[in-house]
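Below is one structure; the comments refer to it alone.
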Amino acid sequence: MACFSGALTKDGEVTAFDVEKCTGCGLCSLACPFGVVWNDKIAHKCDSCKGREKPACVTTCPGGALSTDSDLAASRARTRAARAAAQGGRR
Amino acid sequence: MIKVDASLCIGCLSCSNVCPSQNIVRTVTEDTRSIHWKRCKEECDLCVEFCPAKALTLVPFDESVPEPDLTFDLVACRICGSKYATEPMLKRIELVLPVDLQTDADGLEWVRICPSCRRKAESVRVTRPLVKERMRKIP
């Protein structure tokens, strides 16, 4: 929403980045609530290792905690909430 | 050469980044960010085209006109105090983002927090319930 030059666009669920259009103004990094877009001459953000079969962080995580399935994270959160409710709710 | 509307410029440095002949000079200190537009004879208008604030226009070359110069005080992060942005840039973010997005679930006005502290706040928010749950499991 903050990008004026059209370098950052929505591509389905992910935000795509076109390096050719970026002017390095840094507005995107100021508009990110999670602080995960940063600006060093041009904008940088995670592209989930586009072009690889799986992101490197997912391949490396020994606990299997990371995955590219965003539904999985949501269903795990629901399971956690349900378990907490079964044990007498949040304290 | 370039004419700058000081009331519109947000101090983002886009113009300086795209200028192919290094005619737009930046000076960054811990507390301020200054931009100096040199008198240029180029006919290129990349800086004008890529200014997010539409603050720049091309005017005919004139030696008697002083070179524009602007200095912005950098805004301090409300948590760690590090200087991370110019006030007009933050104002612009507050203008384009829907108001309900500008505070997080804990009521934190994150636009006024630096990106590094935003990451910390988010990680605390996400891990807090997990840690609580794990503590409960210990008899």
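Heads up: the sequence lines are chains A and B, in that order.
Numbered per this note's numbering, the first sequence spans residues 5 to 95.
Numbered per this note's numbering, the second sequence spans residues 18 to 156.
Using N, Cα and C, we set each Cβ at its ideal position, and we do this for glycine too.
*Leaving out five residues before and five after residue 2 of chain B in sequence, what residues of the same chain have Cβ atoms less than 8 Å from its Cβ?*
Because chain B spans 18 through 156 in this model, residue 2 of chain B falls outside it and cannot be assessed.
*With DSSP as the reference, label residue 49 of chain A as helix, strand or coil.*
The residue you call residue 49 of chain A lines up with position 45 of the first sequence. Secondary structure at residue 49 of chain A: coil, using DSSP grouped into helix, strand and coil.
*Which residue from A:50, A:43, A:38 puts its Cα closest to that of residue 143 of chain B?*
Mapped onto the second sequence, residue 143 of chain B falls at position 126. Looking at the Cα atoms, A:38 is the closest of the given residues.
*Find the residues of chain A that neighbour residue 29 of chain B, judging by a C-beta separation of less than 7 Å, and give them in chain order.*
Position 12 of the second sequence, counted from the first residue, corresponds to residue 29 of chain B. Simply 29, 30, 31.
*Between the region 8-19 of chain A and chain B, which residues of the former have CB atoms less than 7 Å from a CB of the latter, in chain order?*
Per Cβ criterion, the list reads 8, 9.
*What residues are listed by DSSP as bridge partners for residue 102 of chain B?*
Against the second sequence, residue 102 of chain B aligns to sequence position 85. Residue pairing by DSSP places residue 102 of chain B opposite B:92 in a beta bridge.
_Starting from residue 20 of chain A, trace the beta strand (DSSP E) in both directions and tell me its first and last residue._
For the purposes of this step, residue 20 of chain A is taken as residue 16 along the first sequence, with counting starting at 1. Here the beta strand (DSSP E) through residue 20 of chain A covers 18-21.
_When you compare the CB of residue 136 of chain B with every CB in chain A, is at least one pair closer than 7 Å?_
Residue numbering aside, residue 136 of chain B sits at position 119 when the second sequence is read from its first letter. Taking 7 Å as the CB threshold, residue 136 of chain B lines the interface with chain A.
*asked:* If you follow the alpha helix (DSSP H) that residue 51 of chain B is in, where does it begin and where does it stop?
replied: The residue you call residue 51 of chain B lines up with position 34 of the second sequence. Where residue 51 of chain B is concerned, there is no enclosing alpha helix (DSSP H), although the beta strand (DSSP E) it sits in stretches over 49-54.
_CB of residue 32 of chain A within 7 Å of CB of residue 20 of chain A, strictly_ = As a position in the first sequence, residue 32 of chain A is number 28, starting the count at 1. As a position in the first sequence, residue 20 of chain A is number 16, starting the count at 1. It is not a contact, given that the beta carbons lie outside the stated cut-off.
*Helix, strand or coil for residue 72 of chain A, going by three-state DSSP, please let me know.*
Taking the first sequence and counting its residues from 1, one reaches residue 72 of chain A at position 68. Residue 72 of chain A falls in the coil class under three-state DSSP.
*Tell whether a beta-carbon distance below 7 Å holds between residue 6 of chain A and residue 26 of chain A.*
Reading the first sequence from its first residue, position 2 is the one you call residue 6 of chain A. Reading the first sequence from its first residue, position 22 is the one you call residue 26 of chain A. One thing to note: residue 6 of chain A has its Cβ no nearer than 7 Å to the Cβ of residue 26 of chain A.
*Could you please tell me which residues of the region 47-77 of chain B, in chain order, have their CB closer than 7 Å to any CB of chain A?*
The residues in question are 67, 69.
*Is there at least one Cβ from chain B nearer than 7 Å to residue 68 of chain A's Cβ?*
Sequence index remark: in the first sequence, residue 68 of chain A carries index 64 (1-based). Taking 7 Å as the CB threshold, residue 68 of chain A stays off the interface with chain B.
*asked:* Using a Cβ-Cβ distance cut-off of 7 Å, determine whether residue 1 of chain A contacts chain B.
replied: Nothing can be reported for residue 1 of chain A, as the shown portion of chain A is limited to 5 through 95.
*Sheet register partners of residue 13 of chain A (DSSP bridge)*: Working through the first sequence from its first residue, we reach residue 13 of chain A at position 9. In DSSP, residue 13 of chain A forms a bridge with A:20.
*Would you report the Cα separation of residue 10 of chain B and residue 71 of chain B, rounded to the nearest angstrom?*
The first residue shown for chain B is 18 and the last is 156, placing residue 10 of chain B beyond what the model contains.
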